[in-house]
Amino acid sequence: MINEELRAIGDACWERFDFGRDWNRHLHGSQVIPINDHLVYIASKGVVGNVTVLSTGEGLVVFDSGSRNTAANIHQAIRSWSDQPIRHVIYTHGHLDHAFGTPLFDQEAQQAGDPKPEVIGQANIRRRFQRYQASANWNAHINSRQFKVAGFHWPAEYRYPDRFYEEQMILQCGDSQVELNHGMGETDDHTWSWIAEDRTVITGDFIIWAAPNAGNPQKVQRFALQWAEALRAMARKKPEVLVPGHGPAVFGADRVATLLDDTATFLETIHDQTLAGMNQGLPLADIVQQVTLPEGLLDRPYLHPSYDDPEFLIRNVWRLYGGWYDGNPAQLKPAHPDALSSALAELCGGATILAQAASGYLEQGDLRLAGHLSEMAISAEPGNQEAHRVRVAVNQARAKAETSLMARGIFTDAANASLKALGDDGDPGYPGRRVGIG
């Protein structure tokens, strides 16, 4: 299962990268990709985090453990490379595709009569898992919508770390030393790891071969500035190898430095311009229209907005500093959308007129106005068939026009709701077993 060819395929992604076309289609199950004679990473087919494995004189250190669905393949891949016992598992963060394969490692140790691996994670993972347990149904719902996964099941059991650290920790295992560092970005519980002897940084989801997931509209707060600060701290180590949370590893000091600098610049630009607009007293809607990124930055193969969207990052920076009030006093204590939509429908002559106006804006290519009016038509008259047909057309067009998976998932979900109202089952999505994201 050790695949030298995948390293070459990963190197080629520096020039062009599409997750499905240029990387994922080359993966079969979970495959070991060499870094050197004692350090490898395991890439798995599908939307699941990488796993890195360090061989020491006293056993293996494993960084992340995959998802519930990929755990068996990942374990098999590890054992195809080494039969050493797993001594430590380090969670880069607590998402479902990174930290939920550990029970299989525990079972192996018990069957062999060995101690379970020591699991290490940043202290905020405890609170994350507690929040996940408290909001399980909500998380199942939003992840089903985000990833178009039918029948998504949120886990009920969690393998908590045995040892927590706060800001930094040095782990000594055999002849190897690993420096663990806390950073905030996609999550508040992130760990990036530095292996000095190998000049290797293991980033977790600080790097995902896409524009950073610092804006997700359906998830808890993200931290754009702190994310950039973590990337700058990694760069100061002058790494020669970077293993990301998703996608191929990056080899060569110059490439690694460029990747870290470009990604940090992306985050800093959005953060700084958003905060500057807030300090000028601008409303959120104006700031969204005014923030601009350096020319060509989103064209980098590793910064395409294929998962998150820069606009969502702006809104998340606003939320961090300014809360949920967007500067529009009508939105402070708003009317229920149904009441507002009914009032507008009455003024203009009915829900059908609103739907027709939405259709007109769709034909003109103004998808945002079409979106507003099609939602109002449905809210004003939920049983209006023409309004549902227009809503389907508008949201399908919006999904097609988007680059980010997050936006496509939400618009597709809206189109499916109206398709069902029209007697169509809609897009069934992927079976739940294919995706497991936190």
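In the UniProt record's numbering, the protein residues as written are 1 to 438. All C-beta atoms, glycine included, are put in the ideal place defined by N, C-alpha and C. Predicted model, so just to flag it, every value in this text is computed and none were measured.
Query: Given 8 Å, three or more beta-carbon pairs between the segment 400-408 and the segment 374-392; Result: no
Query: Helix, strand or coil at Gln177 according to DSSP, with G and I counted as helix; Result: strand
Query: Ala276 to Asp261 span [Cα, whole Å]; Result: 22 Å
Query: Proximal residues to Ser359 (C-beta, below 6 Å), its chain only, five neighbours per side dropped; Result: Val390
Query: Residues near Val392 by beta carbon distance below 8 Å, same chain, minus five either side; Result: Ala415, Ser418, Leu419 and Leu422
Query: Within 8 Å, strictly: CB atoms of Asp97 and Val48; Result: yes
Query: Cβ shell of Ala136 (< 6 Å), same chain only, five flanking positions each side left out; Result: Trp154
Query: Beta-carbon gap between Leu231 and Ala257 smaller than 8 Å; Result: no
Query: Among His388, Pro283, Ala387 and Ala399, the one whose alpha carbon lies nearest that of Arg368; Result: Ala399
Query: Cβ-Cβ separation, Glu229 to Arg163 (assumed contact under 8 Å), whole Å; Result: Actually they do not touch by this definition, with Cβ atoms about 25 Å apart.
Query: Spatial neighbours of Thr102 in its chain, beta-carbon cut-off 7 Å, leaving aside the 5 residues before and after; Result: Ser65, Val89, Val119 and Arg159
Query: In DSSP terms, what Gly66 is bridged to; Result: Ala99
Query: Buried or exposed (CB count within 10 angstroms, at least 16 for buried), Asn395; Result: buried
Query: Through-space distance from Thr269 to Ala253, alpha-carbon basis; Result: 24 Å
Query: Between the CA atoms of Gly350 and Gly245 - distance to the nearest angstrom; Result: 50 Å
Query: Buried or exposed by the 16-neighbour rule on C-beta atoms within 10 Å, applied to Arg79; Result: exposed
Query: Sequence-distant residues of the same chain with beta carbon closer than 6 Å to Asp425, five excluded per side; Result: none
Query: Top-ranked residue by Cα proximity to Ile195, from His336, Trp138 and Thr56; Result: Thr56
Query: Sheet register partners of Phe251 (DSSP bridge); Result: Val241
Query: Unbroken alpha helix (DSSP H) run spanning Thr352, endpoints; Result: Ala351 to Gln364
Query: Span separating the alpha-carbon of Arg16 from that of Ala343; Result: 51 Å
Query: C-alpha distance - Met169 paired with Trp209, whole-angstrom precision; Result: 27 Å
Query: Glu311 to Gln218 span [Cα, whole Å]; Result: 14 Å
Query: Arg87 burial status per 10 Å Cβ neighbour count (16 or more: buried); Result: buried
Query: Contacting residues, own chain, Cβ-Cβ under 8 Å from Leu303 (five flanking each side not counted); Result: Ala210, Ala211, Asp262, Thr263, Phe266 and Leu297
Query: Secondary structure of Glu402, DSSP reduced to three states; Result: coil
Query: Straight-line Cα distance separating Gly215 from Ser306; Result: 13 Å
Query: Where Leu39 falls, given that 16 or more other Cβ within 10 Å makes a residue buried; Result: buried
Query: Range covered by the alpha helix (DSSP H) that runs through Gly371; Result: Leu367 to Ala380
Query: Residue-chain proximity (Arg159, chain C), Cβ-Cβ < 8 Å; Result: No chain C appears in this structure, which consists of one protein chain only.
Query: Cβ contact (3+ pairs, closer than 8 Å) linking the segment 119-131 and the segment 184-199; Result: yes
Query: Distance CB(Glu58)-CB(Gly151) smaller than 8 Å; Result: no
Query: Integer-rounded CB distance, given that Ala387 should sit under 8 Å from Ala377; Result: 4 Å
Query: Chain-order list of residues whose beta-carbon lies under 6 Å from that of Pro34 (same chain, five-residue window excluded); Result: Val40
Query: Element boundaries [alpha helix (DSSP H), containing Tyr321]; Result: Pro310 to Gly322
Query: Assigned secondary structure, Glu150 (DSSP; H/G/I helix, E/B strand, else coil); Result: A small correction: the amino acid at residue 150 is Ala; Glu does not occupy that position in the sequence shown. It is a strand residue.
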